[in-house]
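Colleague: Quick note: the sequence shown uses our numbering, first residue 166, plus one each step.
Next up is a structure, given as structure tokens.
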Amino acid sequence: MVKEKMRVPLLPEDNSSHRRTKLGVLFHSSEPNIIHTAGDEQQEASTSSSSHHHHSNVSFPVSPSALSPNTSPANYFMSPFHQTSPFSKSPWNLPFMNAPGDTQLTGLVGSLVREEGHVYSLASSGDLLYTGSDSKNIRVWRNLTEFSGFKSSSGLVKSIVVSRDRIFTGHQDGKIRVWKYSDSKRKAHKRVGSLPTTVDFIKSSLNPGNYVEVRRHRNVPWIKHFDAVACLSLDEEHGLLYSGSWDKTFKVWRLSDSKCLESVKAHDDAINSVVAGFDGLVFTGSADGSVKVWRRELVGKDTKHMLVYTLLDQETAVTSVAVNMVEAVVYAGTSDGLVNFWERRKHALVHGGVIRGHRQAVLCLAGAGSLLFSGSADKSICVWRREVGGFHSCLSVLTGHSGPVKCLAVQEHPENDDGGVREWMVYSGSLDKSVKLWRVAEKPWMK
166 MVKEKMRVPL LPEDNSSHRR TKLGVLFHSS EPNIIHTAGD EQQEASTSSS SHHHHSNVSF
226 PVSPSALSPN TSPANYFMSP FHQTSPFSKS PWNLPFMNAP GDTQLTGLVG SLVREEGHVY
286 SLASSGDLLY TGSDSKNIRV WRNLTEFSGF KSSSGLVKSI VVSRDRIFTG HQDGKIRVWK
346 YSDSKRKAHK RVGSLPTTVD FIKSSLNPGN YVEVRRHRNV PWIKHFDAVA CLSLDEEHGL
406 LYSGSWDKTF KVWRLSDSKC LESVKAHDDA INSVVAGFDG LVFTGSADGS VKVWRRELVG
466 KDTKHMLVYT LLDQETAVTS VAVNMVEAVV YAGTSDGLVN FWERRKHALV HGGVIRGHRQ
526 AVLCLAGAGS LLFSGSADKS ICVWRREVGG FHSCLSVLTG HSGPVKCLAV QEHPENDDGG
586 VREWMVYSGS LDKSVKLWRV AEKPWMK
């Protein structure tokens, strides 16, 4: 099938992306079925730092404990989960903590090991951490202890975003749930709706013109996702929520009244990532191997998203996209272990290079300050710093997970001050059924 090409002058340089065996089905028909063989005791995490800069065109070795580079996450088998009482007793524990008075600026702070299921999604808001898994529970954590939680009947929780007092969760069954805490302590949560709303869905269903063909002999209302909601992204400034799905579309929701403003048939395969970016642009990454750029425009009273360019077009699946809003840089992680990035130069997006640091698929990306964090099926998290001139040096590799790292969330350390070293709190969720909390310093290299 012929794919979209450039439509407006966002002109990247010649893309040097490597074409390899396609792993585009990695996130399409089902989530990567991965288990780990760790024993009862959690492996103590370690941080390995390099004494030299590793730039974007240089391979960086990962932990020797990584999975075989010839093994795809799709080849693993995921054990069925047997649900127990959701909130009677926390299944998490802290097997390792930094010693009191420890002055280490980068390292593991604590581990949360659960028995419920693989961790697929994370979101941090203030001092609260929300975690989603295939247990159907959304748990809320504060200071590394269980604070609250709520249960959904919509299948495993693939994505979470928080907008003020509302929490949006995307699920395997294609539903988007809306939750809200109902007390001043933010402890009690209740479901306050779904996207689309029941009223809007019924109204849409009554009009035959609102149906679209999704498969042969199957039509559904365009207003609703009919496959897993893999990703969510907020544009708080314009009051919009974006949802990307394995049904190959992304949808645009207005936060003020939960209206679905638009549904865009964006890709030829599952959408794994959608990110609201800079300059009114939205970026999508798909299992079809492409990264596309969409511009939000007002057409009369309606909001429309127009395709302006395809940044990447290759055989290997795009698994994650992240945006550095300050520097106007777009990152895309792929199933071959690479991270491509593009920079805004004179109102054009230019391919800046390829970051090589993983031996297996990059499953998640997160940015903070001048840092980029990449989590991989090789069980490691690489910490990259963007240098002057667009080079990326590897500051450290965070190891300790016994399964692929599926999701990341980053928050600025609350004790940061203007004159000190900037620090970040990094949460990593893994298919080893654990979440780890890391402290990472954005410090300069010491010669």
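Here a beta-carbon is modelled for each residue, glycine too, at the ideal position from N, C-alpha and C.
Every value quoted in this text rests on a predicted model; they were computed, and no experiment measured them.
(1) Below 8 Å, can you find three or more Cβ-Cβ pairs linking the segment 310-320 to the segment 329-336?
(2) Please confirm if the segment 299-309 is in contact with the segment 364-381, defined as three or more CB-CB distances below 8 Å between the two stretches.
(3) Cα separation between residue 594 and residue 601?
(4) Taking contact to mean 3 or more Cβ pairs, one atom from each stretch, closer than 8 Å, check whether the segment 522-533 and the segment 453-465 are in contact.
(5) How long is the line joining the alpha carbons of residue 308 and residue 293, rounded to whole angstroms?
(6) What does the Cβ neighbour count give for residue 564, buried or exposed, with the cut at 16 atoms within 10 Å?
(7) CB-CB under 6 Å to residue 304, same chain, minus the five flanking residues each way: which ones, in chain order?
(8) Please go through the same chain and pick out, in chain order, the residues whose beta-carbon is closer than 8 Å to the beta-carbon of residue 347, but skip the five residues on each side of it.
(9) For residue 502 versus residue 541, is the C-beta distance shorter than 8 Å?
(10) Using only CA atoms, which one of 461, 358, 449 and 579 lies nearest to residue 499?
(11) Going by CA-CA distance only, name the one from 331, 369 and 342 that's closest to residue 351.
(12) DSSP puts residue 276 in a beta bridge; with which residues?
(13) Contact between the segment 420-437 and the segment 462-481: three or more CB pairs below 8 Å?
(14) Tell me the DSSP secondary structure of residue 350 in three-state form.
(15) Using DSSP with H/G/I as helix, E/B as strand and the rest coil, what is residue 297?
(16) Rounding to the nearest angstrom, what Cα-Cα distance links residue 268 and residue 390 in this structure?
(17) By DSSP, does residue 335 sit in helix, in strand, or in coil?
(18) May I ask you to list the residues that DSSP assigns as paired with residue 606?
(19) So, is residue 553 buried or exposed, given that buried needs 16 or more other C-beta atoms within 10 angstroms?
(20) Answer with buried or exposed for residue 404, where buried requires no fewer than 16 other C-beta atoms within 10 angstroms of its C-beta.
(21) Skipping 5 residues on each side, what residues in its chain have a beta carbon closer than 6 Å to that of residue 509?
(22) Give every residue of the same chain whose Cβ lies closer than 6 Å to the Cβ of residue 345, excluding the five residues on either side of it in the sequence, and list them in chain order.
(23) Give the range of the alpha helix (DSSP H) segment to which residue 290 is assigned.
(24) Return the CA-CA distance between residue 592 and residue 547, expressed in angstroms with no decimal places.
(25) Can you say whether residue 605 is buried or exposed, counting buried as having 16 or more other CB atoms within 10 angstroms of its CB?
(26) Given that a residue counts as buried once 16 or more other Cβ atoms are within 10 Å of its Cβ, and exposed if not, what is residue 598?
(27) For residue 374, which of helix, strand or coil comes out of DSSP?
(28) Between residue 607 and residue 586, which are expected to be in contact by the criterion C-beta below 8 Å, what is the C-beta distance as a whole number of angstroms?
(29) Can the beta-carbon of residue 482 be found closer than 8 Å to that of residue 537?
(30) Where does residue 390 sit, in a helix, a strand or coil, going by DSSP?
(31) Quickly, what does DSSP pair residue 358 with across the bridge? List them, please.
(32) What are the start and end residues of each continuous beta strand (DSSP E) run of 3 or more residues lying completely inside the segment 465-506, in chain order?
Modeller: According to the structure shown:
(1) yes
(2) no
(3) 7 Å
(4) no
(5) 8 Å
(6) buried
(7) 296 and 314
(8) 353, 354 and 355
(9) yes
(10) 449
(11) 331
(12) 601
(13) yes
(14) coil
(15) strand
(16) For residue 268, the pLDDT reaches just 42, beneath the cut-off of 50, and the residue's location in the model is therefore unreliable, leaving the point undetermined.
(17) strand
(18) 588
(19) exposed
(20) exposed
(21) 493
(22) 330, 331 and 357
(23) Premise fails: residue 290 lies in the beta strand (DSSP E), 284-290, not in any alpha helix (DSSP H).
(24) 13 Å
(25) buried
(26) buried
(27) helix
(28) 7 Å
(29) no
(30) coil
(31) 343
(32) 467-478, 483-489 and 494-499
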